[in-house]
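Notes for the one structure printed next.
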Amino acid sequence: MATDTLKSTSSAGSATGGLRRLLLDNGALTALIVLVIAMSALSGDFLTTDNLLNVGVQAAVTAVLAFGVTFVIVSAGIDLSVGSVAALSATVLAWSATSHGVPVLIAVLLAVVTGIAAGLVNGFLIAYGKLPPFIATLAMLSVARGLSLVISEGSPIAFPDSVSHLGDTLGGWLPVPVLVMVVMGLLAAFVLGRTYIGRSMYAIGGNEEAARLSGLRVKKQKLAIYALSGVFAAVAGVVLAARLSSAQPQAADGYELDAIAAVVIGGASLAGGTGKASGTLIGALILAVLRNGLNLLNVSAFWQQVVIGVVIALAVLLDTLRRKAGATPVAGASQGGKGRQTATYGLAAVVTVAIVGATSFLHNGSSSTANPKVGLSLSTLNNPFFVQIRSGAQAEAKKLGLDLTVTDAQNDASQQANQLQNFTSSNLGAIIVNPVDSDAASNSVKAADKAKIPVIAVDRGVNKASVDALVASDNVAGGELAAKTIGEKLGGKGKIVILQGQAGTSAARERAAGFAQGLKAYPGIQVVAQQPADFDRTKGLDVMSNLLQAHPDVQGVIAANDEMALGAIKALGSKAGTSVSVVGFDGTPDGLNAVKDGTLYASVAQQPSQLGKIAVDNALKALEGKKVEETIKVPVKVVTKSNVAGFTG
Numbered sequence: 061m062a063t064d065t066l067k068s069t070s071s072a073g074s075a076t077g078g079l080r081r082l083l084l085d086n087g088a089l090t091a092l093i094v095l096v097i098a099m100s101a102l103s104g105d106f107l108t109t110d111n112l113l114n115v116g117v118q119a120a121v122t123a124v125l126a127f128g129v130t131f132v133i134v135s136a137g138i139d140l141s142v143g144s145v146a147a148l149s150a151t152v153l154a155w156s157a158t159s160h161g162v163p164v165l166i167a168v169l170l171a172v173v174t175g176i177a178a179g180l181v182n183g184f185l186i187a188y189g190k191l192p193p194f195i196a197t198l199a200m201l202s203v204a205r206g207l208s209l210v211i212s213e214g215s216p217i218a219f220p221d222s223v224s225h226l227g228d229t230l231g232g233w234l235p236v237p238v239l240v241m242v243v244m245g246l247l248a249a250f251v252l253g254r255t256y257i258g259r260s261m262y263a264i265g266g267n268e269e270a271a272r273l274s275g276l277r278v279k280k281q282k283l284a285i286y287a288l289s290g291v292f293a294a295v296a297g298v299v300l301a302a303r304l305s306s307a308q309p310q311a312a313d314g315y316e317l318d319a320i321a322a323v324v325i326g327g328a329s330l331a332g333g334t335g336k337a338s339g340t341l342i343g344a345l346i347l348a349v350l351r352n353g354l355n356l357l358n359v360s361a362f363w364q365q366v367v368i369g370v371v372i373a374l375a376v377l378l379d380t381l382r383r384k385a386g387a388t389p390v391a392g393a394s395q396g397g398k399g400r401q402t403a404t405y406g407l408a409a410v411v412t413v414a415i416v417g418a419t420s421f422l423h424n425g426s427s428s429t430a431n432p433k434v435g436l437s438l439s440t441l442n443n444p445f446f447v448q449i450r451s452g453a454q455a456e457a458k459k460l461g462l463d464l465t466v467t468d469a470q471n472d473a474s475q476q477a478n479q480l481q482n483f484t485s486s487n488l489g490a491i492i493v494n495p496v497d498s499d500a501a502s503n504s505v506k507a508a509d510k511a512k513i514p515v516i517a518v519d520r521g522v523n524k525a526s527v528d529a530l531v532a533s534d535n536v537a538g539g540e541l542a543a544k545t546i547g548e549k550l551g552g553k554g555k556i557v558i559l560q561g562q563a564g565t566s567a568a569r570e571r572a573a574g575f576a577q578g579l580k581a582y583p584g585i586q587v588v589a590q591q592p593a594d595f596d597r598t599k600g601l602d603v604m605s606n607l608l609q610a611h612p613d614v615q616g617v618i619a620a621n622d623e624m625a626l627g628a629i630k631a632l633g634s635k636a637g638t639s640v641s642v643v644g645f646d647g648t649p650d651g652l653n654a655v656k657d658g659t660l661y662a663s664v665a666q667q668p669s670q671l672g673k674i675a676v677d678n679a680l681k682a683l684e685g686k687k688v689e690e691t692i693k694v695p696v697k698v699v700t701k702s703n704v705a706g707f708t709g
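To convert a position in the sequence shown, counted from 1, into the working numbering, add 60.
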């Protein structure tokens with residue numbers, strides 16, 4: 061009896077320990093399964109073929125970047141430059157092929173060579189220059205982004221049609237970015253598991269000194285590792301630009317953090333020595349499922365960042381627990397281990413399909429909401445102007461009985477493309493889009509048109525695609541008004557500086573064009589400096605402070621939005637409103653308060669609340685099949701101290 065009891069207890073303990081070890085060894089896979097099941101239960105729009113393909117497309121760029129970063133992290137390094145290198149590689153391709161007539165094949169090779177060159181510079185600085193990987197790649201992040209802006213002159217460059225097919229589908233349903241992701245994933249797995257350099261990565265990451273003493277040429281291997289990361293970054297940049305039909309100089313901004321997060325979530329250790337391509341793919345899919353599902357559930361973009369941050373922290377905690385528990389490392393498994401891993405993945409797939417199939421019954425037969433659904437994708441909510449557009453839209457939607465879903469693209473054209481894809485696959489009644497970039501939004505709007513979903517553009521138009529209506533004020537005309545206002549205030553002569561918006565955005569380009577056009581009527585006005593401050597108040601303060609050192613006698617400032625104007629006012633101090641006149645743009649509440657106080661001479665107000673209200677009105681008309689005007693212009697108005705009291709916004 062004693063023996064039987066001991067065996068039974070031992071068996072139960074073994075089973076519990078085995079389950080615990082299984083969960084620890086496959087934490088990322090377990091998390092992905094739980095997420096898919098949860099999203100399927102919470103949203104009836106998640107488990108559709110179109111939406112699942114959207115998830116794959118949205119994971120593709122991050123996954124390809126992350127495969128390259130996996131090589132670096134396995135070798136105990138870090139690469140913060142991959143997002144900027146991706147943007148630079150795509151810019152080189154578009155610039156050489158369209159602006160200089162280079163054959164497309166050679167242009168593609170130049171893009172790849174650009175990625176390799178950036179990686180080699182990183183590797184050289186780290187291996188031979190003895191710079192910490194963090195510092196070397198941080199420097200490359202800035203250099204690559206700067207070169208991308210220099211080459212493109214801050215404007216998107218149209219992508220060659222032959223390469224743009226990488227953003228299309230095969231057979232009308234299979235997205236090419238997903239195929240590229242799979243191919244690059246298989247290549248990464250082959251490099252890690254079947255090549256000399258792959259084994260070198262694990263050796264260097266496990267113990268660099270031991271690897272060197274064993275005869276491994278560590279410095280040369282590091283050059284190759286970072287060059288490989290550059291190649292994968294270049295491929296990711298080309299795929300991203302193909303999706304957007306243009307090379308955006310500000311594309312993939314911050315993607316290096318998503319790539320690192322995907323690698324860590326997938327089970328790699330930042331200490332080096334462990335990691336695998338399949339885990340990285342799962343990590344990228346987790347991030348894509350999270351963003352996709354939270355969009356479908358109408359969760360605020362701000363809370364989405366919180367959720368993703370928590371997931372990353374939990375992934376690192378799981379990695380720590382796994383190592384403390386002595387879980388199986390993910391570097392180089394035995395044949396038996398690989399067999400068990402395959403069986404685990406197969407079992408996971410069966411369980412997921414079964415449970416997801418069961419949860420789908422939660423949505424079968426359920427009646428749709430009585431309220432028509434409309435999606436609003438804003439370029440950013442980190443700016444009072446667009447917050448006012450949202451407020452006007454939400455107030456009007458509530459009045460009309462519409463179910464309005466609002467998303468924040470955070471000035472990322474790729475993220476906005478993902479959001480518009482989600483709207484389309486959710487079969488919303490209508491879509492309102494405030495494009496990050498007019499060219500980059502075209503493919504997503506075309507997809508909505510194909511799905512017979514009305515699209516209303518607000519504040520900015522969409523190029524190369526058909527929208528039912530454009531609700532906007534004229535940025536160029538507004539820029540001309542700003543120039544006329546400062547010109548008249550200064551009596552047609554004086555020195556001024558211009559604070560420009562974020563390079564590469566259509567609003568910045570159009571307002572700058574308006575400033576230049578309007579100032580032609582005032583030849584006595586001298587523009588002594590023009591610098592971007594990225595529509596940001598803090599940057600406006602810093603840039604204006606710097607410019608005052610070189611031009612202390614400046615008499616006027618034109619800022620491309622009120623936020624930068626308010627920063628300039630802070631830098632000017634007592635000069636603002638007395639010896640220096642400042643003109644802003646947008647008519648935000650803070651800007652109007654500054655006009656009342658006299659520190660801001662004027663703001664070219666676009667009445668953003670009206671933009672949001674009118675956009676929702678026209679979305680409902682289009683949804684109901686009523687005729688809408690192709691262009692609805694909301695007039696801009698110069699607001700000064702004399703008329704600010706009567707301005708309603």
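Every residue, glycine too, gets a C-beta built ideally from N, C-alpha and C. Note that the structure is a prediction, hence the values are computed from the model and not measured.
If you check the CB distance, Ser504 and Gln481 come in under 8 Å. Per DSSP, Val203 is one residue of the alpha helix (DSSP H) stretching across Pro193 to Ser212. For Ala178 against Gly275, the beta-carbon gap comes to about 29 Å, at or over 8 Å, which does not count as contact. Looking at Gln670, Ala662 and Leu559, the one whose alpha-carbon comes closest to that of Val698 is Ala662. For Leu436, the secondary structure class from DSSP, reduced to helix, strand or coil, is strand.
Distance check between Ala312 and each of Gly521, Gln667 and Val145 places Val145 closest, using alpha-carbon atoms only. Close CB contacts of Gly326 within its chain, under the 6 Å cut and outside five residues either way in sequence, are with Ala88, Gly339, Thr340, Ile342 and Gly343 (chain order). The count of Cβ pairs closer than 8 Å, one atom from the stretch 625-644 and one from the stretch 532-551, reaches three, so the stretches are in contact. Under the 8 Å Cβ criterion, the stretch 140-156 does not count as touching the stretch 509-527, having fewer than three qualifying pairs. Short of 6 Å from the beta carbon of Gln670, and not among the five residues preceding or following it, lie these beta carbons of its own chain, in chain order: Val694. DSSP places Ser329 in the coil class of the three-state scheme, outside both helix and strand.
By the Cβ rule, the stretch 479-497 does not count as touching the stretch 90-100, because fewer than three pairs are nearer than 8 Å.
Under DSSP, Gly584 shares a beta bridge with Lys553. Assigned with DSSP and collapsed to three states, Thr467 falls in strand.
The beta-bridge partner set that DSSP reports for Asp499 is empty. Contact between Asp499 and Lys458 is ruled out by a C-beta separation of about 33 Å, above the 8 Å threshold. Ala284 is the residue among Lys580, Val493, Ala196 and Ala284 whose C-alpha sits nearest the C-alpha of Gly258.
Boundaries around Thr700 are those of the beta strand (DSSP E), Lys697 to Thr700, since no alpha helix (DSSP H) includes it. A distance below 7 Å between beta-carbons, with the five flanking residues on each side excluded, links Asn358 to the following residues of its chain, in chain order: Thr465. Your pair Ala157 and Pro220 checks out as a contact, with CB atoms roughly 5 Å apart and the cut at 8 Å.
Secondary-structure assignment with DSSP links Thr229 through a beta bridge to Pro235. If you look at Val515, you'll find it in the beta strand (DSSP E) that goes Val515 to Val518. Spanning the alpha carbons of Val496 and Ala263 requires a straight line of approximately 44 Å.
With contacts defined as CB atoms closer than 8 Å, Ala563 and Pro216 fail to qualify as a contacting pair. The stretch 363-370 makes no contact with the stretch 128-140: fewer than 3 CB pairs, one atom from each, lie closer than 8 Å. When rounded, the separation of the alpha-carbon atoms in Asp463 and Gln454 is 9 Å.
The secondary-structure analysis by DSSP pairs Ala662 across a beta bridge with Val643 and Thr700. Judged by beta-carbon spacing, Glu623 lies within the 8 Å limit of Phe595, meaning their Cβ atoms are closer than that value. With respect to the 8 Å criterion, Gly245 and Val236 are not classified as neighbours on the basis of their beta carbons.
Under DSSP, Ser306 shares a beta bridge with Ala218. Under the criterion of beta carbons closer than 8 Å, Ile186 and Ala196 qualify as touching, at roughly 5 Å.
Distances from the alpha-carbon of Glu213 to those of Ser260, Leu230, Ser159 and Gly232 put Ser159 closest. For Gly616, the secondary structure class from DSSP, reduced to helix, strand or coil, is strand.
Annotation: the continuous alpha helix (DSSP H) that includes Val181 extends over Val164 to Ala187. Taking C-alpha positions only, Gly600 is separated from Val664 by approximately 17 Å. Considering only Asp139, Leu170, Ala150 and Lys190, the residue with the shortest C-alpha distance to Leu198 is Asp139.
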